[in-house]
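Engineer: Residue numbers for the sequence shown follow this note's numbering, beginning at 1 and rising by one.
Take this structure first; my questions come after.
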Amino acid sequence: MGDLTKHYLISGRVQGVGFRAFKHRRAVELGLRGWVRNLSDGRVEVLARGPGETLSQFESR
């Protein structure tokens, strides 16, 4: 099975608490490709690409 790409919009208290950096580090640890960025409305946006099982691990933590 090929890689999947997932798009996430995370809301709540996610800016100013290190969440973006945490998700970026986790993606690098798992070997995912993509990006993480803060949005002006206070959410964090993530685009991640990799094997489905690895994306599930990324989502669970």
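Just so it is clear, CB atoms sit at the ideal spot from N, CA and C, and this is done for glycine as well.
1) In terms of residues, what are the limits of the beta strand (DSSP E) holding R49?
2) L55: buried (16+ other C-beta within 10 angstroms of its C-beta) or exposed?
3) In the structure shown, what three-state DSSP assignment does R61 receive?
4) To the nearest angstrom, report how far apart V17 and D3 are at their CA atoms.
5) Less than 8 Å between the beta carbons of H15 and V44, yes or no?
Structural biologist: Reading off the structure:
1) For the purposes of this step, residue 49 is taken as the residue at position 49 of the sequence shown. Counting along the chain, the beta strand (DSSP E) containing R49 begins and ends at 44-50.
2) On the sequence shown, residue 55 is found 55 positions in, with the first residue counted as 1. So L55 ends up on the buried side.
3) As a first step, residue 61 is located in the sequence shown; it is residue number 61 there, counting from the start. In the structure shown, R61 sits in coil (DSSP, three-state: anything other than H, G, I, E or B).
4) In the sequence shown, residue 17 corresponds to position 17, counting from 1. In the sequence shown, residue 3 corresponds to position 3, counting from 1. Their backbone Cα atoms lie some 30 Å apart in a straight line.
5) Taking the first residue of the sequence shown as 1, we reach residue 15 at position 15. Taking the first residue of the sequence shown as 1, we reach residue 44 at position 44. What sits at residue 15 in the sequence shown is Gln, not His. For Q15 and V44, yes; Cβs fall inside 8 Å.
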